[in-house]
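J.: From first to last, the protein sequence lines stand for chains R and D.
Residues in the first sequence are numbered consecutively from 33, following our numbering.
Residues in the second sequence are numbered consecutively from 297, following our numbering.
Ideal Cβ placement from N, Cα and C applies to all residues, glycine included.
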Amino acid sequence: MPEAVLQPPLLSVRALVEHFKPPVGVGTYGTVFTDTTEFMSISYGDVIKVGGAHYLVLGDERERRFGMEDPKFWVKRCIELESGQYRILKLEFQETFDQHIGPLTITCHRSAAKEARILRLVAGDARFMQGQAHRDERGNLVRVLERVAGRRLDLNVEDIHADHRSYFFELYPDILERFIRACHAIHFLHSHGESHGDIRRDHLYVDHATGEYCWIDFDYGYDTTENPFGLDLFGLGNILAFITGKGVHTTQDRSQDDPAGPAITESDCSLFFRHRIVNLRKLFPYVPEDLNRVLMHYSATAEVYYETVPELLADLEPCLHTLRRA
Amino acid sequence: MDFKNVLIAVDASDNARRAVDYAATILAPAPQTRVTLLYVERAPGRDHFETDEAWLNQCRLEHDRVFDFLKDAHARLTEAGLPEEAVQERKVLCSAEPSIAQTILDVQQEGGYGTLIVGRRGLTKGEEFLFGSVSTKLVHNAKNCAVWVVQ
């Protein structure tokens, strides 16, 4: 790999590529950007120069959810020319938008500063994606992220070819144990006054090498309320229900799959998503009562809610011990 | 605890105004009642704003809004009949931890307030889950005092 020191300064993409010889072919030589304000103008074949390094843009990142692809124009897939390593560059895009959670609308904001702060906080902590933030020539905060060498937890769980009973007794205890560790990671953020802000099952990755879980994407924030971590607790509950049920179970699915099965009422469903079943013991009677009680804290009939991760874990950790003894 | 030493926790909202009006009606005829209007201040999150200037501007706007509210609340209490010297205001700064409710309870304990009055927004269960309810927390956790929740 050529040395990182450039003599004389290489100002064109062609010159940079010829000097560093990245491990991918480049069909189009674009422009070297030192100001990332107009991120829509930055695309394949361009180079972003920031933080003393050069990043060849391969394309925009795409969010894949529910079978659809949503391009994220402010997030660029890149190769760092100096090292040849793949990187994700998140460019500054301060945005305020409404997020809909069931019938509720919450005002959220996307904040590069928040994510940069958290990246500093979690540097070296394998429970979180790694990266550094640098300011470009215009002062925009660019986050240079290492790609997580892993796969989304939800895809991993969905790809397990086993009936639920086998899954629950043979695989779920390990999954739950790792999820509990991931909850501890979220508590680490909370104990430092930070929230994750966007806890979803596709924001939790399984490391290929270790099997441990890693959180990504911390740039969402919302106005602090009496429960500064309520949204994070909500997200953790959703993931818990997903991994316990080996997927999402809805009233529509049940009426089709098991019309003669136990009656599912509103009280068995999520407080926010009235079609999602959280009373999983009704579907899978071998789900222990103590674990089901944790899930029922997220139901439409719950009167008491988890406000902190320690509260959730105080109920959840004993469930793991019960499962291990079973 | 002295139940005539009254703490009204306000947040410059319509609910808080209703709590003040209710308190004024009930407390004005009661002799030797002392009222403290408490505002627990929490600065808007800096991350929400593009620039420091925008954030500081919002902080100033909120400061002015609270100042006007407290002045109005004070006037409502004295116009109802409470003596001028029996009403005071207090502002306490709060970050994410401890919570607003805990901050109120700390002030209540520290000041020996025997009556705590708060307005209630009437949140849905979902809102209470995500955002929390100060009044609910006060009812659950207050000790050695009466809690009035005004809706």
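Quick one: what's got a C-beta closer than 6 Å to P294 of chain R's C-beta in the same chain, skipping five residues either side?
T.: Here residue 294 of chain R is taken as the residue at index 262 of the first sequence, counted from 1. Once the five neighbours on either side are set aside, the close Cβ partners of P294 of chain R are K314.
J.: Mind checking if Q162 of chain R is an interface residue toward chain D, Cβ cutoff 9 Å exclusive?
T.: Here the question's residue 162 of chain R lines up with position 130 in the first sequence. Taking Cβ atoms only, chain D never reaches closer than 9 Å to Q162 of chain R, which makes this a no.
J.: My output table needs one value for N301 of chain D: the three-state DSSP class, helix, strand or coil.
T.: As a first step, residue 301 of chain D is located in the second sequence; it is residue number 5 there, counting from the start. If DSSP states are grouped into helix, strand and coil, N301 of chain D belongs with the strands.
J.: Helix, strand or coil for Q328 of chain D? Go by DSSP, reduced to three states.
T.: As a first step, residue 328 of chain D is located in the second sequence; it is residue number 32 there, counting from the start. Three-state result, Q328 of chain D: coil.
J.: So that I know if they touch, is there some Cβ in chain D lying closer than 9 Å to that of E169 of chain R?
T.: Here residue 169 of chain R refers to the residue found at position 137 when the first sequence is read from its first residue. Chain D contact via Cβ: absent.
J.: Please confirm whether K387 of chain D has its beta-carbon closer than 9 Å to some beta-carbon of chain R.
T.: Counting from 1 along the second sequence, the entry for residue 387 of chain D is found at position 91. False, the Cβ-Cβ gap to chain R never drops below 9 Å.
J.: Which value, in whole angstroms, describes the spacing of the CA atoms of R46 of chain R and F250 of chain R?
T.: The residue labelled residue 46 of chain R in the question sits at position 14 within the first sequence. The residue labelled residue 250 of chain R in the question sits at position 218 within the first sequence. Using only the alpha carbons, I get a separation of about 34 Å.
J.: Which residues in the same chain as A339 of chain D place their Cβ atom closer than 6 Å to its Cβ, once the five residues preceding and following it in sequence are excluded?
T.: Translated into the one-based positions of the second sequence, residue 339 of chain D becomes position 43. Around A339 of chain D: C355.
J.: Return the CA-CA distance between D300 of chain R and G262 of chain R, expressed in angstroms with no decimal places.
T.: For the purposes of this step, residue 300 of chain R is taken as residue 268 along the first sequence, with counting starting at 1. For the purposes of this step, residue 262 of chain R is taken as residue 230 along the first sequence, with counting starting at 1. Rounded to the nearest angstrom, the two C-alpha atoms are 21 Å apart.
J.: For chain R, find out if any of its Cβ atoms is closer than 9 Å to the Cβ of I304 of chain D; answer yes or no.
T.: For this step, residue 304 of chain D is matched to residue 8 along the second sequence. By this cut-off, I304 of chain D is not an interface position.
J.: Flag K95 of chain R as yes if its beta-carbon sits less than 9 Å from any beta-carbon of chain D, otherwise no.
T.: Counting from 1 along the first sequence, the entry for residue 95 of chain R is found at position 63. Note that residue 95 of chain R is Glu in the sequence shown here, rather than Lys. No, its Cβ sits nowhere closer than 9 Å to a Cβ of chain D.
J.: Straight-line CA distance for G341 of chain D to V435 of chain D?
T.: Reading the second sequence from its first residue, position 45 is the one you call residue 341 of chain D. Reading the second sequence from its first residue, position 139 is the one you call residue 435 of chain D. Distance between the alpha carbons of G341 of chain D and V435 of chain D is about 27 Å.
J.: How would you call F425 of chain D, buried or exposed, if buried means at least 16 neighbouring beta carbons within 10 angstroms?
T.: On the second sequence, position 129 is the one that residue 425 of chain D refers to. The residue is buried, with at least 16 neighbouring Cβ atoms inside 10 Å.
J.: Check whether the region 179–191 of chain R touches the region 239–253 of chain R, taking contact to mean three or more Cβ pairs, one atom from each stretch, closer than 8 Å.
T.: Flag = yes, the region 179–191 of chain R and the region 239–253 of chain R touch.
J.: What do you get for F345 of chain D, buried or exposed, if any count of 16 or more other CB atoms within 10 angstroms of its CB means buried?
T.: Reading the second sequence from its first residue, position 49 is the one you call residue 345 of chain D. Per the 10 Å Cβ criterion, buried.
J.: Output, in sequence order along the chain, the residues in the region 346–362 of chain D whose CB is closer than 9 Å to any CB in chain R.
T.: Listed in sequence order: E346.
J.: Sorted by chain position, which residues of the same chain lie with C-beta nearer than 7 Å to G418 of chain D's C-beta, five sequence neighbours on each side aside?
T.: Within the second sequence, the letter at position 122 stands for residue 418 of chain D. Q447, listed in sequence order.
J.: Taking 8 Å as the threshold, find out whether the region 72–89 of chain R comes into contact with the region 51–62 of chain R through three or more Cβ pairs.
T.: Contact between the region 72–89 of chain R and the region 51–62 of chain R is present, because at least three Cβ pairs lie under 8 Å.
J.: Give me the Cα-Cα distance between S431 of chain D and V341 of chain R, rounded to the nearest whole angstrom.
T.: Indexing the second sequence from 1 puts residue 431 of chain D at position 135. Indexing the first sequence from 1 puts residue 341 of chain R at position 309. If I take the Cα positions, the gap works out to 22 Å.
J.: Rounded to the nearest angstrom, how far is the Cβ of I275 of chain R from that of L208 of chain R, given a contact under 8 Å?
T.: Position 243 of the first sequence holds residue 275 of chain R. Position 176 of the first sequence holds residue 208 of chain R. About 7 Å separates the two Cβ atoms, so the contact holds.
J.: Taking C-alpha atoms, which residue in D:I413, D:K387 and D:A376 lies nearest to A326 of chain D?
T.: By 1-based counting over the second sequence, the position of residue 326 of chain D is 30. Out of D:I413, D:K387 and D:A376, D:A376 has the C-alpha closest to the C-alpha of A326 of chain D.
J.: Is DSSP giving T321 of chain D helix, strand or coil here?
T.: Translated into the one-based positions of the second sequence, residue 321 of chain D becomes position 25. The answer is helix: DSSP assigns T321 of chain D an H, G or I state.
J.: Please work out which residues of its chain come closer than 7 Å, Cβ to Cβ, to A217 of chain R, disregarding the five sequence neighbours upstream and downstream, and give them in chain order.
T.: For the purposes of this step, residue 217 of chain R is taken as residue 185 along the first sequence, with counting starting at 1. R159, F160 and W247.
J.: Return helix, strand or coil for A145 of chain R, following the three-state DSSP convention.
T.: Reading the first sequence from its first residue, position 113 is the one you call residue 145 of chain R. Reduced to three states, the DSSP call for A145 of chain R is helix.
J.: When the Cα atoms are used, what is the spatial distance from A438 of chain D to E112 of chain R?
T.: Taking the second sequence and counting its residues from 1, one reaches residue 438 of chain D at position 142. Taking the first sequence and counting its residues from 1, one reaches residue 112 of chain R at position 80. When rounded, the distance between both Cα atoms is 57 Å.
J.: Check whether the region 358–372 of chain D and the region 299–317 of chain D touch, using three or more Cβ-Cβ pairs below 8 Å as the test.
T.: Yes, the region 358–372 of chain D touches the region 299–317 of chain D.
J.: With contact counted as at least three CB pairs below 8 Å, one residue from each stretch, are the region 77–91 of chain R and the region 159–173 of chain R in contact?
T.: The region 77–91 of chain R vs the region 159–173 of chain R: in contact.
J.: Under 7 Å between beta-carbons, which chain D residues line up against K122 of chain R? List them in chain order, please.
T.: Here residue 122 of chain R corresponds to residue number 90 of the first sequence, with the count starting at 1. Simply none; closest approach about 15 Å.
J.: In whole angstroms, what is the alpha-carbon distance linking L323 of chain R and Q284 of chain R?
T.: Here residue 323 of chain R is taken as the residue at index 291 of the first sequence, counted from 1. Here residue 284 of chain R is taken as the residue at index 252 of the first sequence, counted from 1. So the two alpha carbons sit approximately 24 Å from each other.
J.: Is V336 of chain D near V302 of chain D, with beta carbons less than 9 Å apart?
T.: Numbered from its first residue, the second sequence carries residue 336 of chain D at position 40. Numbered from its first residue, the second sequence carries residue 302 of chain D at position 6. Taking 9 Å as the Cβ cut-off, V336 of chain D and V302 of chain D do not qualify as a contacting pair.
J.: Give a yes or no on whether 9 Å exceeds the smallest Cβ distance from H141 of chain R to chain D.
T.: Residue numbering aside, residue 141 of chain R sits at position 109 when the first sequence is read from its first letter. True, the Cβ-Cβ gap to chain D drops below 9 Å.
J.: In the DSSP assignment, what are the bridge partners of V383 of chain D?
T.: For the purposes of this step, residue 383 of chain D is identified with residue 87 of the second sequence, where counting begins at 1. D:V331, per the DSSP bridge assignment.
J.: Using a cut-off of 7 Å between C-beta atoms, extract the partners of F304 of chain R located in chain D.
T.: For this step, residue 304 of chain R is matched to residue 272 along the first sequence. Simply G422.
J.: Give the interface partners of I400 of chain D over in chain R, defined as CB-CB distance under 8 Å, in chain order.
T.: What you label residue 400 of chain D is simply residue 104 of the second sequence in a count that begins at 1. Residues of chain R passing the Cβ test: none, with the nearest at roughly 11 Å.
J.: Whose Cβ in chain D lies nearer than 7 Å to the Cβ of G267 of chain R?
T.: Taking the first sequence and counting its residues from 1, the one referred to as residue 267 of chain R is at position 235. Within 7 Å Cβ-Cβ: nothing; G267 of chain R doesn't reach chain D, min ~11 Å.
J.: What is the rounded straight-line gap between the Cα of Q404 of chain D and the Cα of T329 of chain D?
T.: Stepping through the second sequence from its first residue, residue 404 of chain D is reached at position 108. Stepping through the second sequence from its first residue, residue 329 of chain D is reached at position 33. Cα to Cα, the separation comes out at about 16 Å.
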